[in-house]
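One structure is given below, encoded as structure tokens.
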């Protein structure tokens, strides 16, 4: 019986080491996933802000285009 204690203890310690390494790797992976999710949320927020700014600029360009066309038509009428 005493001959079996050393191999059993070895495998129990080995299993504990494997479980603890897997646990800490999982925790590190979860932290990376949280950081990635936060970065993607910030990216999404920046994208929405950029989209709204682009829409505002597009509206201003349309308005300026209409003004230039009206000035152009006035100049052609003067000639």
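Residue numbers (our numbering): 2 to 80. Even glycine gets a Cβ: it sits at the ideal position worked out from N, Cα and C.
C-alpha of residue 76 to C-alpha of residue 52: approximately 36 Å in a straight line. A straight-line Cα-Cα distance of about 15 Å links residue 15 and residue 5.
In this structure, the alpha-carbon of residue 58 lies about 31 Å from that of residue 37.
Note on geometry: alpha-carbon atoms of residue 23 and residue 42 lie some 28 Å from one another.
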